[in-house]
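Below is one structure, written out as structure tokens; comments come after it.
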Amino acid sequence: MVIKVFLATSSGSTAIKKKQQDVVGFLEANGIDHEQLDIACNEDNRMWMRENVPGEKKPTNGIPLPPQIFNDQSYCGDYETFFDAKEQNQVFAFLGLAPPPGSKEAQLAEKAHILQNGNVPLEEHKSTDLNHEEEEIADKEEDELLAIEGETDLHVSEDEEEEELNIEDEEEPITEDEDETEEDS
Numbered sequence: 352m353v354i355k356v357f358l359a360t361s362s363g364s365t366a367i368k369k370k371q372q373d374v375v376g377f378l379e380a381n382g383i384d385h386e387q388l389d390i391a392c393n394e395d396n397r398m399w400m401r402e403n404v405p406g407e408k409k410p411t412n413g414i415p416l417p418p419q420i421f422n423d424q425s426y427c428g429d430y431e432t433f434f435d436a437k438e439q440n441q442v443f444a445f446l447g448l449a450p451p452p453g454s455k456e457a458q459l460a461e462k463a464h465i466l467q468n469g470n471v472p473l474e475e476h477k478s479t480d481l482n483h484e485e486e487e488i489a490d491k492e493e494d495e496l497l498a499i500e501g502e503t504d505l506h507v508s509e510d511e512e513e514e515e516l517n518i519e520d521e522e523e524p525i526t527e528d529e530d531e532t533e534e535d536s
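Residue numbers (this note's numbering): 352 to 536.
This is how it looks when you write it as structure tokens:
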């Protein structure tokens, strides 16, 4: 699959030129196979681009401005969607390509896959030789993290509740000297 970038080589707009350079520069820097198609000098390229940008992605005047990005025949997006994908480390997904192994995007995709499917790689499994006490501590920490994230209520055992109540009851009583000082102020 070849990424097609529709450009206007003779554009008078510096904003469009910078956007085109940003897209092409990223593709070149990452070794992504791409083809630059000029819409300023080639009427067929211009017509193909205009016809293949989805209606909901066209501006109000109906004429999409370059750069427009396609993966073969599939529309990827314009510069704004490319920029958003770049900011979120998801350009390869935006382009419909597999991210290179070891890249930040590949790591994010793997984590998302794990969260979605619940599959945890072997190196992330808890050790099976934890004793019972360590397992309880690990479960308690996990419950606390989930409570912090707002996914579940924090479970407090009856023993812990009693312990907290006892600590509150053990507050030192106010002595007569302290009592007089409080009345004076």
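Ideal Cβ positions, reconstructed from N, Cα and C, are used throughout, including at glycine.
Counting along the chain, residue 373 sits inside the alpha helix (DSSP H) bounded by residues 365-380. Exclusion of the five residues before and after residue 353 leaves 384, 386 as the residues of its chain whose Cβ lies within less than 6 Å of its Cβ.
Annotation: residue 439 is outside any alpha helix (DSSP H) and is labelled neither H nor E by DSSP. In the structure shown, residue 355 falls within a strand segment according to DSSP collapsed to helix, strand and coil. Exposed is the label assigned to residue 392, since fewer than 16 other Cβ atoms lie within 10 Å of its Cβ. The closest CA to that of residue 409, considering only 389, 430, 396, is found on 430. Between residue 370 and residue 421 a beta carbon distance of about 16 Å is seen, past the 8 Å cut, so the two are scored as non-contacting.
Residue 428 has its alpha-carbon roughly 17 Å from the corresponding atom of residue 398. In the DSSP annotation of this structure, residue 416 is not part of any beta strand (DSSP E), being labelled neither H nor E. Between residue 374 and the set 442, 363, 413, 390, the nearest pair of CA atoms involves 442. Counting C-beta atoms within 10 angstroms of its own C-beta, residue 405 has fewer than 16 neighbours from the protein chains shown and is therefore classed as exposed. Counting the other CB atoms within 10 Å of its CB gives residue 390 a total of 16 or more, which places it among the buried residues. When beta bridges are read from the DSSP output, residue 385 appears opposite 354. With fewer than 16 other beta carbons inside 10 angstroms of its own, residue 463 counts as exposed.
Comparing alpha carbon positions, the residue from 395, 444, 363 closest to residue 457 is 444. Take residue 362, set aside five residues on each side of it, and the residues of its chain with a beta-carbon closer than 8 Å to its own are 368, 371, 391, 417, in chain order.
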